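Single-structure report; data block below.
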Amino acid sequence: MVTATFRFYDELNGFLPRARRGREFATPCARAATVKHMIEALGVPHTEAALVLVNGESSGFGRLLEEGDRVAVYPRFGTLDVTALSRLPQPPHMAQESQQPQQPQEAHDSRIAPRFVADAHLGGLARLLRMAGFDTLYDNGYRDDEIVAIAAREGRIVLTRDRELLKRRAVSQGCYLHAIKPEIQFRELFDRLGLALDAQPFSLCLHCNLALRAVDKALVLDALPPSVRELHEEFTTCEACRRVYWKGSHHKRMRALLDTVTGGALPAAHDEAAASCGQEPDSAPGGPETDATHRAQGGPQA
Ligand SMILES: [Zn+2]
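The sequence shown begins at 4 in this note's numbering and counts up by one.
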């Protein structure tokens, strides 16, 4: 049995008992305990640590702790890139960025947009992510085992407020959401993963998570409510569910939310994508869940 000293930084303290927050504390470690084993034993899922220093040097999770080791554990910061320093596994889009310096446009072109699988309690966040163009699997029937299997098979980042789920060995990439409200979770994730560069707003069906395509107004005219027929010219549709999207008041609210999380700095290409689609649940009678025969509908229901 050895004793090591730990210090966790910033939001990682939220996983600790009050007496251990914001300060160094010594703790006995099990025989042959690794950095990862102890971080999780102390309550912090391994997915939440972006950088670990042992005695001042960057360390991987597999390092065996020795008597007197001093361990500092840092979360991922949206504003501070620690990927170049860290020896921990990084999300694919971030690891790629840290390998070689690139011009901003090149960086955007070659980035791999992160993909997600959200647990059964994060339906609101899943819809907001789809609205921003992030491939996000969600089903309120998903069991934890399914989420872990999907994430491993498809290289998706697990989103959850269940820290035990993130401690599972098979979960290599995950994000614990500290906030309760979907809009604040959305902002939290944008900051943490630097998602603004990858957003493609209004490019996915909010219900099916599939790509939308532009559709001629004449082809969807019969299915549109009169006010929409009169006011809108641009429409997109989902091949799977046949829902039709247009730029209505809901689109404006979503756009405003995106502008706040991205600082209004989405590249021009994104505006173009946004201009070709939209949603208007306010004027779609019945809404998606209650009017199965009315195929013109849009937007997330609250
Ligand atoms: Zn659809």
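Just so it is clear, CB atoms sit at the ideal spot from N, CA and C, and this is done for glycine as well.
Quantities reported herein were computed from a predicted structural model and do not represent experimental measurements.
- Ordered by chain, the residues meeting the criterion of a beta-carbon within less than 7 Å of a non-hydrogen atom of ligand 1 are 208, 210, 211, 213, 241, 243, 244 and 246.
- Apart from sequence neighbours up to five positions away, the residues of its chain that approach residue 62 with a beta-carbon distance below 7 Å are 38, 55, 56 and 90, ordered along the chain.
- Proximity of the region 58–75 to the region 186–194 falls short of the contact definition, fewer than three beta-carbon pairs being nearer than 8 Å.
- In the pairwise beta carbon analysis, the region 213–233 is classified as not touching the region 194–202: fewer than three pairs are separated by under 8 Å.
- Taking 3 residues as the minimum length, the beta strand (DSSP E) runs contained wholly in the region 28–87 are 28–32, 54–57 and 73–77, in order along the chain.
- The way I'd put it, the region 124–131 doesn't touch the region 147–155; fewer than three beta-carbon pairs between them come closer than 8 Å.
- Apart from sequence neighbours up to five positions away, the residues of its chain that approach residue 240 with a beta-carbon distance below 6 Å are 218 and 247, ordered along the chain.
- Beta-bridge partners assigned by DSSP to residue 216: 240.
- Fully enclosed alpha helix (DSSP H) runs of no fewer than 4 residues occupy 126–134 and 147–157 of the region 108–157, in order along the chain.
- Taking the CA atoms as reference points, residue 92 sits about 11 Å from residue 65.
- Between residue 34 and residue 43, the alpha-carbon positions lie close to 15 Å from each other.
- Here the alpha carbon of residue 17 sits roughly 26 Å from the alpha carbon of residue 260.
- Under the three-state reduction of DSSP, residue 174 is assigned to coil, being neither helix nor strand.
- A residue is called buried once 16 or more other Cβ atoms fall within 10 Å of its Cβ, and residue 224, having fewer, is exposed.
- Between residue 168 and residue 180 a beta carbon distance of about 12 Å is seen, past the 8 Å cut, so the two are scored as non-contacting.
- Taking C-beta atoms as the reference points, residue 244 and residue 210 count as a pair closer than 8 Å.
- About 7 Å separates the beta carbon of residue 249 from that of residue 237, a gap short enough to meet the 8 Å contact definition.
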